[in-house]
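Numbering (the working numbering), first residue to last: 2 to 188. We treat Cβ as the ideally placed atom computed from N, Cα and C, and that holds for glycine.
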Amino acid sequence: MKTKYLHNKKFVTVSILSVLLVIVVIAGIYLAKFSYAQGAANTSGNKGMMGMGGNGMMGGNGGMMNGMMGMGNNMTGKEVNNMGHRMFPQYKGVKTGPALFHYEGCFMCHTINGLGAGGNDAPNLSHIGSIRSFSWIATQIADPSAHFKRNSVVTLSGVRYRAVMPSFKNMSSKNIGILAKYLESLK
Numbered sequence: 002m003k004t005k006y007l008h009n010k011k012f013v014t015v016s017i018l019s020v021l022l023v024i025v026v027i028a029g030i031y032l033a034k035f036s037y038a039q040g041a042a043n044t045s046g047n048k049g050m051m052g053m054g055g056n057g058m059m060g061g062n063g064g065m066m067n068g069m070m071g072m073g074n075n076m077t078g079k080e081v082n083n084m085g086h087r088m089f090p091q092y093k094g095v096k097t098g099p100a101l102f103h104y105e106g107c108f109m110c111h112t113i114n115g116l117g118a119g120g121n122d123a124p125n126l127s128h129i130g131s132i133r134s135f136s137w138i139a140t141q142i143a144d145p146s147a148h149f150k151r152n153s154v155v156t157l158s159g160v161r162y163r164a165v166m167p168s169f170k171n172m173s174s175k176n177i178g179i180l181a182k183y184l185e186s187l188k
């Protein structure tokens, strides 16, 4: 009788641990997806997703998406767009600045008010409207090389950035205008 009791106790313990493991995995997936949707707030100085290419899933200095599996600054504008499209399908067809910022993939390199996976690899755009015009911003989105030579070093408020922003000329001029107007409003 005691042997049967111990066997049942082990079975119950293993079952409970298995259920807890499943709950932890599901919670981790949910939190990771929720963090993507919230812009993956940047609080650390590391690159990478789950340690690939750096330390930490929500790492700053390039953040989760920028350091993910070594893609980072080598992505084209179309690849960045596609990543945003896959992560935020709910924003397809939504024509507001914040939705386009996520849907077109801008959040992968830039931050606004602490939200985004950007970190220190690309300028924080929280107050870009106070230092750049609508025209400058729209041109920068469509053709970054119009302002900065590729692979040059850009200084903004004493912080140095490598000018590696891909061209988003594949975005419609309407979406570029909406996004530029939104960014210009950030003062």
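>> What residue range does the alpha helix (DSSP H) around G178 cover?
In response: DSSP places G178 inside the alpha helix (DSSP H), whose first and last residues are 174–185.
>> For M109 and N125, I'd like the C-alpha separation in whole angstroms.
In response: M109 and N125: Cα-Cα distance of roughly 12 angstroms.
>> I need the straight-line Cα distance from S168 to I142, nearest angstrom please.
In response: S168 and I142: Cα-Cα distance of roughly 7 angstroms.
> Can you find a heavy atom of the ligand MG that lies under 8 angstroms from the Cβ of S146?
Replying inline: Ligands are entirely absent from the displayed structure, and the ligand MG is therefore not among its contents.
> Which first and last residues belong to the alpha helix (DSSP H) in which G98 is found?
Replying inline: Its alpha helix (DSSP H) spans residues 98–104.
> Hey, how far is the Cα of C107 from the Cα of T14?
Replying inline: Those two C-alpha atoms are separated by around 47 angstroms.
> Does the separation of the CB atoms of H128 and W137 fall below 9 angstroms?
Replying inline: No, the pair does not count as a contact, with Cβ atoms beyond the cut-off.
> Ends of the alpha helix (DSSP H) at T140?
Replying inline: 135–143 is the span of the alpha helix (DSSP H), which, as asked, contains T140.
> With a Cβ-Cβ cutoff of 9 angstroms, do K182 and S131 count as a contact?
Replying inline: Taking the C-beta atoms as reference points, S131 is found no nearer than 9 angstroms to K182.
> Helix, strand or coil: how does DSSP classify I129 here?
Replying inline: If DSSP states are grouped into helix, strand and coil, I129 belongs with the helices.
> G40 to P90, Cα distance in whole Å?
Replying inline: Low local confidence applies: a pLDDT of 38 at G40 is under 50, so the model's placement there is unreliable, with the coordinate-based value given in what follows. Answer to the nearest angstrom: the Cα atoms are 14 angstroms apart.
> Between D144 and K170, which are expected to be in contact by the criterion C-beta below 8 angstroms, what is the C-beta distance as a whole number of angstroms?
Replying inline: About 6 angstroms separates the beta carbons of D144 and K170, which is inside the 8 angstroms limit, making them a contact pair.
>> Counting C-beta neighbours from all protein chains within 10 Å, is the total for T97 16 or more, i.e. buried, or is it exposed?
In response: By the C-beta density criterion, T97 is exposed, having fewer than 16 other C-beta atoms within 10 angstroms.
> Is the Cβ-Cβ distance between G115 and H103 less than 9 angstroms?
Replying inline: The Cβ atoms of G115 and H103 lie no closer than 9 angstroms to each other.
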